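Numbering (the UniProt record's numbering), first residue to last: 1 to 588.
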């Protein structure tokens with residue numbers, strides 16, 4: 001017998017147990033706005049908050065460019081990029097609601113990939129603890145300073161150095177080889193067609209989504225071996241892009257760091273898994289890492305939901321210096337306040353912490369502003385006492401100044417550059433005018449981040465919205481609309497007004513097809529700031545204007561028909577239409 005998943009009852013139970021404000025607060029920063037909450041919309045770029053949440057109605061809506069809205073399920077689907085079934089699972093877990101198990105054949109591909117990843121995570125964990133090779137890997141971690149509790153906290157594991165370790169384990173649990181490959185855990189041999197493990201003989205760093213479900217893995221060698229072609233194995237390998245995992249859209253450790261980032265109102269951003277673990281272990285729980293990729297705008301937009309303040313702590317080598325500067329450009333474009341932790345002793349944060357917690361704390365306390373970082377960087381590379389050195393320093397700093405949007409801040413940089421180089425400030429300004437910067441490819445938006453074109457509403461649409469919100473505010477005004485007046489509204493507007501008229505403004509019993517629209521209007525009625533206006537008078541005014549607009553549209557249509565009738569020399573029709581036009585015009 002096939003088990004059926006319950007739909008309606010779990011949904012209602014989840015909604016009863018979870019408060020939409022607390023769910024959304026887990027993803028973005030909220031501000032109290034009267035009886036409601038508001039935030040900068042996480043679904044499009046904006047500076048002023050247009051995203052509103054109604055605790056009373058348990059709904060949200062963006063009144064900005066994207067115009068998205070809905071309930072907690074719609075929000076989780078949108079922000080996590082998942083289908084309804086996955087949003088149901090995520091919220092059921094938060095609410096402590098147990099869903100009925102489905103027949104394995106009916107589970108979606110995404111659900112099965114989650115199961116595979118979570119089982120693989122447990123397999124790797126057990127291998128670290130139970131196998132002899134795993135104990136060797138664990139010894140390596142402990143020697144690197146990773147404590148036992150951190151190993152458990154981050155669920156570190158070990159992939160046995162055999163061709164089909166995790167693959168055979170998962171196949172034994174009823175999953176297909178093709179599914180294991182789709183989860184990024186195995187590869188298919190081009191020669192034999194057989195599948196073999198992607199991760200072999202490596203320490204495993206599981207990567208989790210915001211609900212702490214395993215979605216990918218990073219694998220690190222801990223004893224260097226040579227391949228058959230006598231080249232060394234890559235230090236790290238990562239899960240490729242899968243249905244669950246995209247390295248450019250995931251931040252390692254964010255599932256653990258989110259609360260701490262909000263509490264401290266700053267995020268520490270590092271490059272690697274070990275750096276994140278060691279910084280967290282040192283008591284800085286507000287740390288996340290990029291996972292096997294350069295920092296992306298998408299990742300920064302995720303962090304922006306938690307804080308506007310960013311501390312970067314990348315490796316102090318050539319690649320790390322380049323990553324730091326690239327990160328500054330991206331973070332500035334996203335509106336972050338940025339400081340840079342520079343590590344003079346030790347190549348990366350993990351090594352700096354190994355030298356002593358006090359030293360790391362000192363580096364954090366002395367984090368440099370963008371201004372100081374770039375000036376010190378240029379002065380360390382070029383000799384300011386030579387003509388060529390002055391030119392190189394000027395060139396490097398002017399490129400940065402050109403990117404600064406604030407003119408006052410630009411002036412400060414210009415003055416400081418003139419003082420450092422001991423040259424006339426006017427000459428620096430002249431050089432600044434000549435300086436041009438190309439659009440940095442690092443800050444181009446991906447498809448997800450492309451802004452939707454803003455579709456301006458017509459005056460008629462705005463009037464219909466206003467009339468509906470006034471009815472919700474003051475239900476008795478709906479009686480001013482006669483049955484014949486419903487034809488003044490658009491088809492959707494007519495349905496909304498009919499519902500409000502028959503329910504006397506009571507909105508909770510709206511039919512399914514009108515729910516989203518009614519929810520939008522009800523939230524709009526709450527956030528519209530009214531200053532002691534006469535609602536009936538306002539309603540009369542808007543309703544009269546709507547009648548005039550509809551009548552003008554009708555007269556415009558008649559006018560065009562008159563022209564066509566004249567061209568056809570149908571004078572009888574012209575006379576009839578003229579009579580209709582004059583009757584309508586007298587009503588204006």
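We put the beta carbon where it would ideally sit given N, CA and C, even for glycine. Just so it is clear, the structure is predicted and the values come from calculations on it, not from any experiment.
Under a three-way DSSP split, which group does residue 60 fall into?
strand
Between which residues of its own chain and residue 315 is the CB-CB distance below 7 Å, once the five residues before and five after are set aside?
271, 347, 348
Is it buried or exposed, residue 190, if we count other Cβ atoms within 10 angstroms and call 16 or more buried?
Around the beta carbon of residue 190, fewer than 16 other beta carbons lie within 10 angstroms, which makes this residue exposed.
Among 89, 99, 127, which residue has its Cα nearest to the Cα of residue 110?
89
Which one or two residues does DSSP pair with residue 206 in a beta bridge?
The beta-bridge partner set that DSSP reports for residue 206 consists of 217.
In angstroms, rounded to a whole number, what distance separates the CA positions of residue 384 and residue 435?
20 Å
Buried or exposed by the 16-neighbour rule on C-beta atoms within 10 Å, applied to residue 572
exposed
Could you tell me whether the segment 61-73 touches the segment 40-47, using the rule of 3 or more Cβ pairs below 8 Å?
yes
Report yes or no: do the segment 251-265 and the segment 277-287 share at least 3 C-beta pairs separated by less than 8 Å?
yes
Enumerate in chain order the residues of its own chain whose CB-to-CB distance from residue 545 is below 7 Å, with the five nearest sequence positions on each side excluded.
463
If you follow the beta strand (DSSP E) that residue 309 is in, where does it begin and where does it stop?
309-313
Report yes or no: do three or more beta-carbon pairs, one from the segment 201-208 and one from the segment 149-168, lie closer than 8 Å?
yes
Alpha carbon to alpha carbon, how far is residue 363 from residue 356? Give it in angstroms, no decimals.
11 Å
Contact check, residue 135 vs residue 143, beta carbons under 9 Å
no
Tell me the residue span of the beta strand (DSSP E) that contains residue 196.
That run of the beta strand (DSSP E) goes 195-197.
Along the chain, which unbroken stretches of the beta strand (DSSP E) at least 3 residues long are found entirely within the UniProt domain "Toprim" (265-348)?
267-270, 287-290, 309-313, 337-340
CA-CA distance, residue 503 and residue 14?
27 Å
Are at least three pairs of beta-carbons, each pair with one atom in the segment 164-173 and one in the segment 72-91, less than 8 Å apart?
For the pair of segments examined, the segment 164-173 was found not to touch the segment 72-91: the number of CB pairs separated by less than 8 Å stays below three.
Can you name the start and end residues of the beta strand (DSSP E) that residue 36 belongs to?
36-39
Spatial distance of residue 196 from residue 187 (CA atoms):
6 Å
Length of the line joining the Cα atoms of residue 229 and residue 239
Low local confidence applies: a pLDDT of 49 at residue 229 is under 50, so the model's placement there is unreliable, with the coordinate-based value given in what follows. Rounded to the nearest angstrom, the two C-alpha atoms are 23 Å apart.
If you scan the segment 131-188 from start to end, which runs of the beta strand (DSSP E) of 3 or more residues do you find wholly inside it?
157-159, 186-188
Among 562, 466, 497, 351, the one whose alpha carbon lies nearest that of residue 541
466
As a quick exercise: from 275, 386, 217, pick the residue whose alpha carbon is nearest that of residue 245.
217
Find out if the Cβ-Cβ distance for the pair residue 336, residue 366 is shorter than 9 Å.
no
CA-to-CA distance, residue 33 to residue 333, given in whole angstroms:
Looking at the two C-alpha atoms, the distance is approximately 28 Å.
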